[in-house]
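Using the numbering used here, you'd call the opening residue of the sequence shown number 31 and step up by one each time. Note that the Cβ used here is the ideal one computed from N, Cα and C, for glycine as well. Please read all numbers here as calculations on a predicted model, not as lab measurements.
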Amino acid sequence: MNPNNISDIKNLSELQSNGSDIVYKSTKINLENNSYESSIHKLSKNKWTDLKKSTNWNFSIPKYSKNNKLISFVKTPKSSEILDSLEKKKNSSKTYLVVKNGNSEKVIFDTEDSIVNYVWSENSKFVYVITKEWSDEFKKIENKTDQPTVINKLPFRFDTTGVIYNKRFHIYKINISSLKIEKIVDGDKESLLSISSLIEVGSDLYFIGSQHNENGTMLEEHIIKLVKSKLVKINSGGMFNQIFSLKDKLYAVGLRKRFDWPTNTTILKVSESGKLSFLEHEFDRNVVSVKIHNNEIFCLYEDSGKTLLRNASQKETIIEEDITIKDFNFIGEDLYVIANSFSHPDEIFKLVNGGLKKLSTTNDDFNNNVRTFGCEYHRIDTGQSDIDTWGIFVGKNKPTLLNIHGGPASQYGYTFFDEFQTYASAGFNVIACNPRGSTGRGHDFLRDVCGRKWGVNDVHDVLTSFKKMLKLMGIENKNYGIMGGSYGGFMTSWVIGHYPKMFKSAIVERALLNWETMVGTSDIGIGFPEMYLLDDMNNNLNLYRKKSPITYANNIITPTLIIHSEKDYRCPVEQAEQLFSNLKRRGIDTTMIRFPDESHELSRSGKPNHRIQRFESIIDWHKKQLT
């Protein structure tokens, strides 16, 4: 595939069921408008229909009411340039929550800001809506971009969000019949910087909320119960990405303690007093998400480069294939999933006789018209560990790119990754692995890069598996390139600073390069370094400098392309500037490309034209150095 082919891929998500039908969202790129388009589709009685097709509007977050009689969704306008003359009204910038009853549609809520999520009440008479809005302080400022920002708390910004106290999260309760709207949680009053995973348990509401801690030095997550308009913190010690209930009992997906990271996110039981305990203490894998069916808990989890489905109540895996399952739901006893594989993007499948039967044709045009590559897989013994390694072979005399993932708590594997396919199509062999520090292999494997092991165990795994994979694939060309983003950018710069003659081309993207300055500039600079380096910078400055690639930048002789986003607050652009300045000053072949108005997420959700330009820059650089 070429860079422009990213517009031919449709991504599927948000699979919902009412017991007889399913609905889901599809998202694609519109290159002409440099935008993303989202539609909602429906499967009913084995027939596919477009429930809401993207035109001048995008549609998302489809849900069925608890009585399964109504469908709701969020309706968001595209940019004003796209709206036709009939749509260019006073309210064209608003986002709407719509309830659909048969052919009738009714707007029940609107906002000029963002609808983050919403939940139907158990009796289907109400909807609870989570919004993200400008804080009252900033609403009073007519021109928000032309006023000084007063900052008196840490942390003060977050990637993709900006200065975080400029926004507050609220919860509204909407009566479906009367359309009465009540703000039941005021984020300005409670200083709520985020709200997620709202659920109703009996007559009570629970949600995950984040606030500054008492010292104002960092964000803390809480499981919060709404009691007569007052917020009661049930638990304030952990890290959570989801809460749910079963038989009126409360559960969470997350960590018991915030500073347990890095370790596996797991399913936790939450007592009435807020105490957290494991649902499965022995299940040593990272849990992604959870759903309830027939009073049983089902979860997606990561395992050796796969994302699989498990019945946590029965402690058994339902699907074990070389795939990534993104979402799932049930119609009666029939299981449906959104899944993709190494060479095929998202489709909807049904579990039939223990195997997956493809139902949708969403990406058939892409599969039929764009060449993709399968993978070669080996679990390689590095002498210290067994490392899952994948490769795309295009020719024994072709140059090879070593790709290193971010995180490090993430994984490569059996998923459709546009990057690998694009590089292979450009004529490069591709090799990637999951070194120690990756998810999918358990707690000890995940933590085996912490402290003084950082930049030691992971580098050993990556380079050893790379060398052995070259031999297993029969690659004879000695022209090697290395690349990675975020933590992968750290690894790339670390390797070329310690092994300067091993690679002929390098691309360092959105990288962590200097722990010392990251502490004061990154949105996660307070906390993240201590979690991985296991020491405070004030106590051990030498460790922070010793584990920073910038310390060894004077050793780098590899031609290096540096790619960074100017609004990256995870690894701020000053990190890239330090490396570029060092290499340029010493006469090393280097170029820095800075993308305006992009965050740390450029490669995944940045503006389509920027994503394509990034691909083109990467391919051009490697071709210049390796061919």
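Nearest to residue i (by Cα), restricted to the options the options
| i | options | result |
| --- | --- | --- |
| T85 | P107, G436, N585 and C480 | P107 |
| N196 | L309, T588 and E163 | E163 |
| W150 | E142, I138 and D143 | I138 |
| L658 | W87, N98 and K637 | Only positions 31 to 657 of the chain appear in this structure, which leaves residue 658 out of reach. |
| S226 | Q272, E142 and K213 | Q272 |
| E363 | L613, N383 and N507 | N383 |
| K213 | S611, S259, R634 and L285 | S259 |
| K83 | E67, L73, S95 and K96 | E67 |
| P559 | I59, F289 and G132 | F289 |
| L632 | D474, T412 and R600 | R600 |
| E44 | S90, P626 and L61 | S90 |
| R133 | F156, K124, I101 and V146 | For the sequence presented, residue 133 should be read as Asn rather than Arg. Of F156, K124, I101 and V146, the residue nearest in Cα terms is I101. |
| A282 | K130, I297 and T402 | I297 |
| E406 | S455, M503 and E449 | M503 |
Where residue i falls: helix, strand or coil (DSSP)
| i | result |
| --- | --- |
| I554 | coil |
| M513 | strand |
| Y158 | strand |
| I353 | coil |
| E117 | Confidence is the limiting factor: at E117 the pLDDT is only 40, short of 50, which leaves the residue's position unreliable, though a coordinate-based value still follows. Reduced to three states, the DSSP call for E117 is coil. |
| D491 | helix |
| H528 | helix |
| N34 | helix |
| Y562 | helix |
| A536 | strand |
| W484 | coil |
| H652 | helix |
| F139 | strand |
| P107 | strand |
| G385 | strand |
| Y453 | helix |
| W291 | coil |
| L573 | helix |
Exposure label - residue i; buried when at least 16 CB within 10 Å
| i | result |
| --- | --- |
| I592 | buried |
| H630 | buried |
| L571 | exposed |
| N370 | buried |
| Q344 | exposed |
| T392 | buried |
| D418 | buried |
| H252 | buried |
| I211 | exposed |
| Q241 | buried |
| P465 | buried |
| K77 | exposed |
| N427 | exposed |
| H652 | buried |
| V180 | exposed |
| G443 | buried |
| F379 | buried |
| H311 | exposed |
| F103 | buried |
| K93 | buried |
| P530 | exposed |
| D114 | With a pLDDT of only 41 at D114, under the threshold of 50, the placement of this residue in the model should not be trusted; the figure read from the coordinates follows. By the 10 Å Cβ count, D114 comes out exposed. |
| T125 | buried |
| K120 | Only weak support is given to the placement of K120: the predicted model assigns it a pLDDT of 41, under 50, and the question is left unresolved by the model. |
| D491 | buried |
One or two residues paired with residue i in a DSSP bridge
| i | result |
| --- | --- |
| A282 | I273 and L298 |
| Y94 | I101 |
| G239 | I225 and H252 |
| A462 | W420 and N433 |
| W87 | P107 |
| H408 | T419 |
| M622 | I592 |
| V129 | S102 and K136 |
- Task: Spell out a yes or no on whether the stretch 416-426 and the stretch 449-464 are touching, meaning 3 or more CB-CB pairs, one atom from each, closer than 8 angstroms.
- Result: Flag = yes, the stretch 416-426 and the stretch 449-464 touch.
- Message: Is it the case that the stretch 506-518 contacts the stretch 541-549, given that we only count it when at least three CB pairs across the two stretches are under 8 angstroms?
- Response: Because the criterion of three Cβ pairs below 8 angstroms is met, the stretch 541-549 and the stretch 506-518 touch.
- Task: Check whether the stretch 427-438 touches the stretch 463-471, taking contact to mean three or more Cβ pairs, one atom from each stretch, closer than 8 angstroms.
- Result: Yes, the stretch 427-438 touches the stretch 463-471.
- Query: Does the stretch 597-613 touch the stretch 516-530, meaning 3 or more C-beta pairs lie closer than 8 angstroms?
  - Reply: A contact is defined here as three or more CB-CB pairs under 8 angstroms, and the stretch 516-530 meets this definition with respect to the stretch 597-613.
- Count the CB pairs spanning the stretch 314-321 and the stretch 270-284 that are closer than 8 angstroms, and state whether there are at least three. Contact between the stretch 314-321 and the stretch 270-284 is present, because at least three Cβ pairs lie under 8 angstroms.
- Task: Determine contact between the stretch 560-570 and the stretch 606-625, defined as no fewer than three beta-carbon pairs at a distance below 8 angstroms.
- Result: No, they do not touch.
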